[in-house]
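Numbering (my numbering), first residue to last: 528 to 799. Contents: one structure, followed by commentary.
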Amino acid sequence: MYYAIKFGWIDIKDAKFDNIALDIETLNQATLKGVYDICAISFALYPFVKDDFALLKTAVSFGEGYGPKLIKKKGVNLKRNFKVALSGEFTTNALLFKIAYPDARITYMNFLDIEKAVLDGVVDAGVLIHESILTYSSELEVEREIWDIWQELCDGENLPLPLGGMCLRRSIPLSDAIKYEDALIKAVDVANKNRKTLAPMLLEKGLIRVDATTLDKYLDLYANDNSVKLSDIQYKAINKLFELGYKSGHYQNLIKAEDFLIPSEYEELRAR
């Protein structure tokens, strides 16, 4: 998304974007502190920042039969209060994990360090995210898929797993907010449609942690046609996540995603 903007592949008029690339929990924490005007977040964070940030309709990642994985060393039997490494307090995988394993002892660390922590015995298990779900050591095995936990909690509704989205500061003037969101939607669409051109450019510049084959698999999973703009079933899935968080005492209030979007129809009404 950012490089479609950086390379000038879309017209952003007089808007200017600076990009800061950080791990998702660092961005979650930064959003809680109001550091950035527009930020990638875990969907599970959003109810905590809804008063200060609007939910964007684009740059979303969902699991469709896949997602984060709870892994352990092969042959290890996990006790009820096993020690586990998660990638952040406000991540979607952390919320679902806590509902499924209320007695586990949780420690948080950067997602890039979790695999080694399990291999070294620092923790009994860990939840892998991002490209780690494709590249983890053969010494490890999957104890449980977060996707399976999600499906069980959804009682057979067969909803996609809401992982990451984006939000925008509410104090930004509405006309500008609409312009920024529109630019980001176009950027995601352009990047997605031109993946075969863009991906090699990023690999050549050393901007990606994985090889070309793994990158291609990863983009198939998390940056695809379903990432461009939220659909009805995706809204339903996000609302289910919020409902689960509310019922488990994670959130104080029950909210619906559709109530916290940027009202893009404002520009159309003003034009009339």
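Note that CB positions come from ideal geometry on N, CA and C, so glycine has one too.
Among K596, P700 and K560, nearest to I656 - alpha-carbon criterion:
K596
Between which two residues does the beta strand (DSSP E) carrying T634 extend?
R632 to Y635
Anyone know if the C-beta pair for I547 and L695 falls short of 8 Å?
In this structure, L695 does not lie closer than 8 Å to I547 by Cβ.
Sub-8 Å separation of K713 and I537 beta-carbons:
yes
Length-filtered (4 minimum) alpha helix (DSSP H) runs lying within the stretch 632 to 661:
641 to 646
Can you tell me where the alpha helix (DSSP H) holding L559 begins and where it ends?
I551 to L559 is the span of the alpha helix (DSSP H), which, as asked, contains L559.
For L746, three-class secondary structure by DSSP
helix
Do you know how far the Cα of E591 is from the Cα of P687?
5 Å
Span of the alpha helix (DSSP H), counted from its first residue to its last, around R722:
R722 to E731
Please identify the residue among I705, K744 and L711 whose C-alpha is closest to the C-alpha of K723.
K744
Which stretch, first to last residue, makes up the alpha helix (DSSP H) that contains I673?
From DSSP, the alpha helix (DSSP H) with I673 extends over I673 to L680.
At a cut of 8 Å, does the stretch 633 to 644 reach the stretch 609 to 623 through at least three beta carbon pairs?
Inter-segment contact for the stretch 633 to 644 and the stretch 609 to 623 is present: three or more beta-carbon pairs are separated by less than 8 Å.
Answer yes if the stretch 576 to 595 comes into contact with the stretch 666 to 686, meaning at least three C-beta pairs across the two stretches below 8 Å, and no otherwise.
yes
Evaluate D709 with the Cβ neighbour count: other Cβ atoms within 10 Å of its Cβ, from every protein chain shown; 16 or more gives buried, anything less gives exposed.
buried
Contact set for I676: own chain, Cβ-Cβ below 6 Å, skip 5 residues either direction
L623 and A627
Using CA atoms only, rank isn't needed, just tell me which of G535, P629 and I598 is closest to S665.
I598
For the putative contact between F589 and A726, defined by C-beta atoms under 8 Å, what is the C-beta separation to the nearest angstrom?
Rounded, the Cβ-Cβ distance is 20 Å, inconsistent with contact.
Limits of the alpha helix (DSSP H) - the one that V576 falls within:
Y573 to V576
N- and C-terminal bounds of the beta strand (DSSP E) containing G691:
If you look at G691, you'll find it in the beta strand (DSSP E) that goes L688 to R696.
Would you call the CB atoms of L737 and E684 closer than 8 Å?
Looking at the sequence shown, residue 737 is not Leu but Val. Against a cut-off of 8 Å, the Cβ pair of E684 and V737 comes out as no contact.
Out of N780, A652 and A581, which has the shortest C-alpha to C-alpha gap to N604?
A652
Integer-rounded CB distance, given that I735 should sit under 8 Å from P574:
Contact between P574 and I735 fails: their C-beta atoms lie close to 32 Å from each other, not under 8 Å.
For Q678 and I660, the rounded distance between their alpha carbons:
19 Å
Among A542, G561 and G772, whose alpha-carbon lies nearest the alpha-carbon of S702?
A542
Tell me which residue opens and which closes the beta strand (DSSP E) that G590 is part of.
S588 to G590
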